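Report on one structure; see the data block that follows.
Residue numbers (our numbering): 1478 to 1782.
The following block contains the structure:
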């Protein structure tokens, strides 16, 4: 078996179907365990480098304060010293929790490490990734990773007895968890209802040929579909890519379902029998609007933006 065929079979095993709240089936690929580990390592490296630079900066500031204290200016610098300590503690807290929360709650749903490895977080129910889900999966990381590592670090000192062995067993159980489910979910993903998938394209895909649909002219009935900015503004790039996939697949039931959803969203009632022409017109005009907005620095990632 060739390497290309082997790679295809491996990717095929990770293919899933995500059903959106609108009832649209979207094919996705679950991220590999290797890419997830690589992303986590990259994130920790970035955090370590950033904290090292910060500690060196704080040390430099503190050394200046100590010099002034040596010169008999204790009272004048005591407030500044307390401020530096507070800032130091605050930065450590934000680095531990804020880094992952801030990036994963962003429009890309991915930290810098995940972006580098081409993966992102998604809700398993097909809906929007909520703050509660991101918070839950990141708080579970303390139980999965940080707490057992603390036991392992202090175990050689002998001050914690058999806690080192307990920490090792704890660590191994949670590290093995992704290998015992087909979606490579860690405990935090199970609790939060998320999974990690290969990231969708950030650029708009090559235009789907709709044969004059941008002008809204139906080749079936001759009806003309023109949509205003208010009607096109209800959706963004994510919905555009989903609609494109539906048109490419050409499944009648999916086209009818999406047609009904969009009509209900924008308040149209064009009747039946011309669903594809309607969707092609909506796709072409929505794409043109999004591309024009991007030229002026405005980007709408999805309908919630």
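Each residue gets a CB set at the ideal place from its N, CA and C atoms; glycine is no exception. None of these values were measured; they are calculated from a predicted model.
Close beta carbons around residue i, own chain, < 7 Å, minus the five adjacent residues each side
i            : result
residue 1506 : 1488, 1491, 1492, 1674 and 1675
residue 1535 : 1561 and 1565
residue 1660 : 1507 and 1672
residue 1605 : 1781
residue 1662 : 1655 and 1672
residue 1601 : 1670, 1671 and 1672
residue 1574 : 1615
residue 1732 : 1723, 1752, 1753 and 1756
Closest Cα partner of residue i within the set the options
i            : options                   : result
residue 1514 : 1534, 1652, 1584 and 1599 : 1652
residue 1701 : 1752, 1726, 1593 and 1729 : 1752
residue 1533 : 1565, 1521 and 1520       : 1565
residue 1540 : 1522, 1754 and 1561       : 1561
residue 1626 : 1648, 1617 and 1608       : 1648
residue 1776 : 1746, 1710 and 1744       : 1710
residue 1589 : 1523, 1669 and 1759       : 1523
residue 1584 : 1598, 1510 and 1662       : 1598
residue 1756 : 1767, 1725 and 1608       : 1725
residue 1608 : 1737, 1582 and 1586       : 1582
residue 1618 : 1715, 1762 and 1517       : 1517
residue 1816 : 1744, 1666 and 1736       : With the chain covering 1478 to 1782 only, the question about residue 1816 has no answer from this structure.
residue 1778 : 1768, 1520, 1714 and 1761 : 1714
residue 1704 : 1760, 1620 and 1717       : 1760
residue 1650 : 1666, 1667, 1621 and 1668 : 1621
residue 1646 : 1665, 1658 and 1624       : 1624
residue 1766 : 1732, 1708 and 1559       : 1708
residue 1742 : 1712, 1717, 1559 and 1573 : 1712
residue 1768 : 1717, 1739, 1732 and 1574 : 1717
Classification of residue i by the beta-carbon crowding that lies within 10 angstroms, buried from 16 upward
i            : result
residue 1537 : exposed
residue 1721 : buried
residue 1482 : Since pLDDT at residue 1482 reaches only 45, below the 50 mark, its modelled position is unreliable, and no value is offered.
residue 1706 : exposed
residue 1587 : buried
residue 1728 : exposed
residue 1746 : exposed
residue 1730 : exposed
residue 1744 : exposed
residue 1563 : exposed
Bridge partner(s) assigned by DSSP for residue i
i            : result
residue 1675 : 1596
residue 1492 : 1506
Own chain partners of residue i with C-beta closer than 8 Å, once the 5 adjacent residues on each side are dropped
i            : result
residue 1503 : 1494, 1495, 1496, 1497, 1603, 1719 and 1722
residue 1519 : 1589, 1590, 1593 and 1594
Other residues of its chain near residue i: CB distance less than 6 Å, five sequence neighbours each side excluded
i            : result
residue 1510 : 1655 and 1661
residue 1512 : 1594 and 1596
residue 1667 : none
residue 1690 : Its pLDDT being 47, under 50, residue 1690 is placed unreliably in this model, and the value from its coordinates should be taken loosely. Counting only Cβ-Cβ distances below 6 Å, and skipping sequence neighbours, we find 1757, 1758 and 1761.
Fill in: the stretch 1514-1533 / the stretch 1569-1582 touching (three or more Cβ pairs under 8 Å)
yes
Worksheet entry | Contact between the stretch 1603-1619 and the stretch 1576-1585 (3+ Cβ pairs under 8 Å) | yes
Item to complete: Pair every Cβ in the stretch 1652-1666 with every Cβ in the stretch 1584-1596, then say whether three or more of these pairs are closer than 8 Å.
Response: no
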